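Just below is one structure, and these are the notes that go with it.
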Amino acid sequence: MRLLRTGEAFQTHGMYSLSADSSDSIEIDCDGGRGLAGHVWGAGAALAALLLSPEGRRRFLADRPDVVELGSGTGVAGLAAAAAGASSVLLTDLPPAVPALAATAARNAHVLEGCHVAAAPLAWADASEVAHALAPS
């Protein structure tokens, strides 16, 4: 898989694509109007590129781990992990960001087959919320 970048150092509006090949790509809707959670940031793009690389898959995803992405925003890193071979991915962020995360995961389900992807609210400062989010289902 390769990472396709569109324009700026971080994407604030439009579609951002992660592509496996010419037929399978993950489309992420960037909307700067959603605040920090609406951007694809450089660190997320770099992590996504690493996870989608042959070396990243071998080092981090060969055993099909369960992945929790904290502060997912657009979900770029978590969705890359899902596409690259994770067993399950939990995308977490503050409550206002969760509907967009869930919609992005649903819109890309055809590329994420074989990986259970869910989106949930998570306020890092609330220990009970963290415990609930990480509890086995």
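Here the sequence shown stands for residues 1 to 137, where the numbers follow UniProt numbering. C-beta: ideal position from N, C-alpha, C; glycine also. Just so we're clear, the structure is a prediction, and the values are computed from it rather than from any experiment.
So which of the options has the shortest CA-CA distance to residue i?
{"i": "GLY78", "options": "GLU55, ALA45 and CYS30", "result": "ALA45"}
{"i": "GLY85", "options": "THR104, GLY42, GLU55 and GLY71", "result": "GLU55"}
{"i": "GLY38", "options": "ARG64, HIS116 and SER72", "result": "SER72"}
{"i": "ASP63", "options": "VAL130, ALA82, GLU129 and VAL111", "result": "ALA82"}
{"i": "ALA118", "options": "ALA127, ASP126, ALA103 and ILE26", "result": "ALA103"}
{"i": "PRO65", "options": "PRO95, ALA123 and GLY114", "result": "GLY114"}
{"i": "GLY42", "options": "ARG59, VAL76 and ALA120", "result": "VAL76"}
{"i": "SER87", "options": "ALA100, SER53, LEU50 and PHE60", "result": "PHE60"}
{"i": "HIS116", "options": "PRO99, VAL68, GLU129 and ALA100", "result": "VAL68"}
{"i": "LEU40", "options": "PRO121, ARG57 and LEU101", "result": "Note that residue 40 is Val in the sequence shown here, rather than Leu. It is LEU101 whose Cα lies nearest to the Cα of VAL40."}
Should residue i be labelled buried (16 or more other beta-carbon atoms within 10 Å of its own) or exposed?
{"i": "LEU134", "result": "exposed"}
{"i": "ALA127", "result": "exposed"}
{"i": "ALA131", "result": "exposed"}
{"i": "LEU36", "result": "exposed"}
{"i": "ALA109", "result": "exposed"}
{"i": "ALA105", "result": "buried"}
{"i": "SER22", "result": "With a pLDDT of 45 at SER22, under the threshold of 50, the predicted position of this residue should be treated as unreliable, and no value is reported."}
Hey, residue i and residue j are a contact pair by Cβ (cut 8 Å); roughly how many whole angstroms apart?
{"i": "residue 187", "j": "THR92", "result": "There is no way to answer for residue 187, as the model of the chain reaches only from 1 to 137."}
{"i": "ALA48", "j": "ALA80", "result": "4 Å"}
{"i": "ILE26", "j": "VAL111", "result": "5 Å"}
{"i": "ALA125", "j": "LEU94", "result": "With 8 Å as the limit, ALA125 and LEU94 do not qualify as a contact, their Cβ atoms being about 11 Å apart."}
On the DSSP bridge list, what partners appear for residue i?
{"i": "CYS115", "result": "Bridge partners of CYS115: none, in fact."}
{"i": "VAL68", "result": "LEU90"}
{"i": "PRO121", "result": "ASP93"}
query = Which whole runs of the alpha helix (DSSP H) in the segment 71-96 are 4 residues long or more, in chain order?
reply = 76-84
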